[in-house]
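Notes for the one structure printed next.
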Amino acid sequence: MVFQIDQKWAKITDSLKSCVNNHVCCATSAPRSLIYVVLCVLAVILIFQLGANLSPRLVVPPRPPPAGSSHERDFYLRREAARVPAVEARAIPPDDEHTLLLDNNEENGKAMRLRGANIKKKTIYPPRVNMGACPNIFGTIVVFVAVVESSYKTHYHVAQQSLELCKHDQLFFKKHCAASVYLQDADWMLVLDADAGVVNPNHCIEEWIDDRVDLVFYERFFNWEIASGNYLAKNTEFARNFLMKWADWQYIQPSNWNGADNGVLQCVYLHIWFPGQISVSLHILQTVLPDARAEIKACDTIWHKGTGYDTYMAYVACVKVTLGANRLYPGVLRILRRAHGWVRDGYITNDAWGERDFMLHGWKAQQINTDGWTSPYSRMFNVSECGVAYSGWYWRNEKRLGTEAIRIQLANFERSVANTFPKEARIHPYLSEPDVGDCFPNCDDLT
Numbered sequence: 098m099v100f101q102i103d104q105k106w107a108k109i110t111d112s113l114k115s116c117v118n119n120h121v122c123c124a125t126s127a128p129r130s131l132i133y134v135v136l137c138v139l140a141v142i143l144i145f146q147l148g149a150n151l152s153p154r155l156v157v158p159p160r161p162p163p164a165g166s167s168h169e170r171d172f173y174l175r176r177e178a179a180r181v182p183a184v185e186a187r188a189i190p191p192d193d194e195h196t197l198l199l200d201n202n203e204e205n206g207k208a209m210r211l212r213g214a215n216i217k218k219k220t221i222y223p224p225r226v227n228m229g230a231c232p233n234i235f236g237t238i239v240v241f242v243a244v245v246e247s248s249y250k251t252h253y254h255v256a257q258q259s260l261e262l263c264k265h266d267q268l269f270f271k272k273h274c275a276a277s278v279y280l281q282d283a284d285w286m287l288v289l290d291a292d293a294g295v296v297n298p299n300h301c302i303e304e305w306i307d308d309r310v311d312l313v314f315y316e317r318f319f320n321w322e323i324a325s326g327n328y329l330a331k332n333t334e335f336a337r338n339f340l341m342k343w344a345d346w347q348y349i350q351p352s353n354w355n356g357a358d359n360g361v362l363q364c365v366y367l368h369i370w371f372p373g374q375i376s377v378s379l380h381i382l383q384t385v386l387p388d389a390r391a392e393i394k395a396c397d398t399i400w401h402k403g404t405g406y407d408t409y410m411a412y413v414a415c416v417k418v419t420l421g422a423n424r425l426y427p428g429v430l431r432i433l434r435r436a437h438g439w440v441r442d443g444y445i446t447n448d449a450w451g452e453r454d455f456m457l458h459g460w461k462a463q464q465i466n467t468d469g470w471t472s473p474y475s476r477m478f479n480v481s482e483c484g485v486a487y488s489g490w491y492w493r494n495e496k497r498l499g500t501e502a503i504r505i506q507l508a509n510f511e512r513s514v515a516n517t518f519p520k521e522a523r524i525h526p527y528l529s530e531p532d533v534g535d536c537f538p539n540c541d542d543l544t
């Protein structure tokens, strides 16, 4: 078939060349000349048509809207959310073949990891059904929300007395110090930003507790950053020290655009290891990979070069690359994948939610239906009705979607963010920073 097509194409091309070279197309009105003229025209049309079909199409990405203030934490999220509606209608089917392949190897992989590292299995918490009771498997769970209020000291004198050790004057760092103090009164603590709220009460906090670790974090959907505002902490010495040292980084954080407590959480250091020096660590990267000194230094160098949000994202990407695919560090911490935590940013789906959702983040309005915000609720709560099934929850029907509809929106947003990731952040630490040049020949001495 290919040979026949090639033959026909060759005949058409030869006819066209003959037509042009011998000026047959310009012949008199004789019948044969007229036939040649028609053939020449048809050949030209065919060439252009085939060329148009075979030529690659140039797709020009849409110009991003103007960025907001680089010092506003959620400005990049809003910028990305503005690009999503253009692709919302495009359904992205699940990768069934890839999923099947993973399912076939999942059990073997889990068994090998458990045997090799002697890791106990996670205690599976039963999902909540029809607002049923939450079994007390993990002890006392405390929900901690930090707020700033002018009358806080006069109304909560006892609580303030217990926080005398927290001299921090920056809210985000003071929050982690306070969480460390209050953690002693609980078995587990859920720390939340004040702009996070429950959208689907048919869940228990315990569903996201992993009793193999002391801390549970999650990734923000729009930029892969390990979120600092919402996390789970177990009442252990390690977790309390981690939170207190995290808070103390207020006093030693670099002066450039560093992401505040978010930047500190990803990866920071006081003294990178060299012969004769001491490594002092606090962060996720150094906590779980203390021997990755060259990589830690590379990420720290990128972090200190930050001049705004886009360059800060290069640092976040460096940490992401260094951590790799592993998310579970037994006895230490776990990092949940994007959209798999107890809370996610509501902007991603325009505050629509599904059965897998528990909380949404980013509710900064004082009232619903104000400032252009259409909340998931039709009116404010009636707290006196709460406690009996779904009484007191006034949802908008159009905001409550099926799991598949939510998946499609997340998939569209995921691709949009990947396509518009800042150019300044598209660097690889192994290509931009030294791997062995600064520590040779002692790079592996303490590994």
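The sequence shown begins at 98 in this note's numbering and counts up by one.
Built from N, CA and C at the ideal position, the CB exists for glycine as well.
As the structure is a computational prediction, the values presented were derived from the model and not from experiment.
Own chain partners of residue i with C-beta closer than 7 angstroms, once the 5 adjacent residues on each side are dropped
i, result
"W305", "V313, L329, G438, W439"
"G326", "D290"
"A276", "F241, M286, V288, A330, L340"
"E203", "Caution applies to E203, whose pLDDT of 46 falls short of 50 and renders its modelled position unreliable; the value that the coordinates give is listed next. The answer is none, since no qualifying residue turns up."
"T237", "A283, D284"
"D532", "A391"
"T333", "D311"
"V413", "N320, W321, E322, Q363"
"S294", "Looking at the sequence provided, one finds Gly at residue 294 rather than Ser. Closer than 7 angstroms at Cβ, skipping near neighbours: M456, L457, W460."
"C415", "A395, C396, I399, P526"
Cβ pair residue i, residue j closer than 8 angstroms
i, j, result
"F455", "H300", "yes"
"L420", "L382", "yes"
"E303", "F241", "no"
"F510", "I445", "yes"
"L507", "V296", "no"
"F318", "A436", "yes"
"P308", "T220", "Before going on, a small fix: residue 308 reads as Asp here, not Pro. Cβ atoms of D308 and T220: closer than 8 angstroms."
"G443", "G459", "yes"
"V239", "D282", "yes"
"P473", "R453", "no"
"P298", "W490", "yes"
"D311", "K461", "no"
For residue j and residue i, believed in contact at Cβ under 8 angstroms, the rounded distance
i, j, result
"A324", "L280", "About 18 angstroms; that fails the 8 angstroms criterion."
"A344", "C274", "4 angstroms"
"D448", "K496", "6 angstroms"
"G451", "G499", "6 angstroms"
"K218", "W321", "K218 to W321, Cβ: 28 angstroms. No contact."
Environment of residue i [buried if 16+ CB atoms lie within 10 Å]
i, result
"A515", "exposed"
"I132", "exposed"
"V226", "exposed"
"I393", "buried"
"A391", "buried"
"Y487", "exposed"
"P526", "buried"
"E316", "buried"
"A422", "exposed"
"I142", "exposed"
"L198", "With a pLDDT of only 37 at L198, under the threshold of 50, the placement of this residue in the model should not be trusted; the figure read from the coordinates follows. Counting Cβ neighbours within 10 Å, L198 comes out exposed, since fewer than 16 surround it."
"C263", "buried"
"P163", "Because P163 sits at a pLDDT of 46, beneath the cut-off of 50, its placement in the model cannot be relied upon, and the following sentence gives the value as read from the coordinates. Exposed, by the Cβ-count rule."
"M209", "Here the model assigns M209 a pLDDT of 38, short of 50, so the residue's position is not dependable, and the following value carries that caveat. Burial call: exposed."
Sequence-distant residues of its chain with Cβ nearer than 6 angstroms to residue i (five each side left out)
i, result
"L425", "R431"
"E530", "A395, T398"
"D541", "none"
"I524", "A411"
"S475", "Y491, R493"
"E482", "S488, G489"
Nonlocal neighbours in the same chain, by C-beta distance under 8 angstroms from residue i, ignoring five residues either side
i, result
"E521", "D407, T408, M410, A411"
"C231", "R225, C301, I302, E303"
"M228", "P298, N299, A486, Y487"
"V480", "G489"
"L546", "For the chain, the structure presents residues 98 to 544; residue 546 sits outside this window and is missing."
Residue-chain proximity (residue i, chain C), Cβ-Cβ < 8 angstroms
i, result
"A344", "Chain labels in this structure do not include chain C; a single protein chain is all it has."
Residues bridged to residue i (per DSSP)
i, result
"R441", "L457"
"K219", "Paired residues: none, contrary to the question."
"G294", "L457"
"M286", "V239, A330"
"I323", "E316"
"I432", "F314"
"R497", "W450"
"L268", "Note: L268 sits in no beta bridge, so no partner."
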